[in-house]
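Visitor: Dropping a structure here in structure tokens format, bear with me for questions.
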Amino acid sequence: MLTTVKAKILLPVILMALFALSRWPGLMPWNFSAAYALMFCAGVYFPKRLVWWLPFATMLVADTALNWYHHTYYGTPMFSPELIGNYLAYAAIVWLGRKFGPKARFLSLLAGGILGAILFYLITNTFSWFFNPFNNPEYVKTLGGWLTALTKGTAGYAQTWEFFRNTLTSGGLFTGLFAGAMKLMEALEPAEEKEEAEEPAEKPEPEPEKAEA
-5 MLTTVKAKIL LPVILMALFA LSRWPGLMPW NFSAAYALMF CAGVYFPKRL VWWLPFATML
55 VADTALNWYH HTYYGTPMFS PELIGNYLAY AAIVWLGRKF GPKARFLSLL AGGILGAILF
115 YLITNTFSWF FNPFNNPEYV KTLGGWLTAL TKGTAGYAQT WEFFRNTLTS GGLFTGLFAG
175 AMKLMEALEP AEEKEEAEEP AEKPEPEPEK AEA
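Take the sequence shown: its position 69, counted from the start at 1, is 63 in the working numbering, and no numbers get skipped.
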């Protein structure tokens, strides 16, 4: 039981530390991030008292530091409307993770992590299309403009579908790693802890038989 309690305490800390490190500038390709899987796994594994405030507090600190870095060295603004879209997407991924449970099958969790990456792609690019700061003439508020936002993106940048490829790949990869690690941890759990967790409730004592008249 002590091992299980320690795992429940250490897991949120380890995942959030990895999340913060994955945001380091230049560490990973654009949109290739552990964040999608981490937010999904937070929804799956974190206890209720931590599932919302810890991921978003960590994200806020990481985003503030990252935006300050870009503002200081590249002159970019500290805040942009796209940041709101990112937070909405992460909230959707955490919510999606809450629909699963720690006992869900590995393939179900992997599919959930990939679905979370797709949600991030759709939400953030739709938000960018609606609040595009670059005044891209191709981002007209029509179905065609929305499809352009989802496939081509803003001129002068990598095409959106390339970002989606990285998002989808990293979402599946890191979800598989984190969910696989949790399944392995469960498999290595001491036998006595499993027996204690699976011990059925005591059966009620049978009522005494009535004496025949």
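Just so you know, even glycine gets a beta-carbon here, dropped at the ideal spot from N, CA and C.
None of the values given here were measured: they were computed from a predicted structure.
What's the call for F125, buried or exposed, on a 16-neighbour Cβ count within 10 Å?
Guide: With fewer than 16 Cβ atoms within 10 Å of its Cβ, F125 is classed as exposed.
Visitor: Within a Cβ cutoff of 6 Å, which residues of the same chain sit near I108, ignoring the five residues on either side of it in sequence?
Guide: Cβ within range, chain order: G165 and G166.
Visitor: Less than 8 Å between C-beta atoms, sequence neighbours within five positions excluded: which residues of the same chain meet that for F73?
Guide: Around F73: N61.
Visitor: Who are the near neighbours of F26 in its chain, counting only those whose CB is closer than 8 Å to its CB and skipping five residues on each side?
Guide: Excluding positions up to five away in sequence, the list reads N160, T161, T163 and S164.
Visitor: Could you tell me whether the Cβ atoms of F114 and A83 are closer together than 7 Å?
Guide: Yes.
Visitor: With a threshold of 16 other CB atoms inside 10 Å of the CB of V88, please say whether the residue is buried or exposed.
Guide: By the 10 Å Cβ count, V88 comes out buried.
Visitor: Drop a sphere of 10 angstroms on the beta-carbon of T58, count the other beta-carbons inside from all chains shown, and report buried for 16 or more, exposed for fewer.
Guide: T58 should be labelled exposed.
Visitor: Could you spell out where the alpha helix (DSSP H) holding Y133 opens and where it closes?
Guide: Careful: Y133 lies outside any alpha helix (DSSP H) and carries neither H nor E.
Visitor: For G106, which of helix, strand or coil comes out of DSSP?
Guide: Three-state DSSP puts G106 in a helix.
Visitor: Let me know the secondary structure DSSP gives V88 once reduced to three states.
Guide: Here V88 sits in helix by DSSP.
Visitor: Compute the beta-carbon to beta-carbon distance between G91 and F121, rounded to the nearest angstrom, for a pair I have assumed lies under 8 Å.
Guide: About 21 Å; that fails the 8 Å criterion.
Visitor: According to DSSP, is W62 part of a helix, a strand, or is it coil?
Guide: If DSSP states are grouped into helix, strand and coil, W62 belongs with the helices.
Visitor: Measure how close the beta-carbons of L103 and V38 come, nearest whole angstrom, since I'm counting them as under 8 Å.
Guide: About 7 Å separates the two Cβ atoms, so the contact holds.
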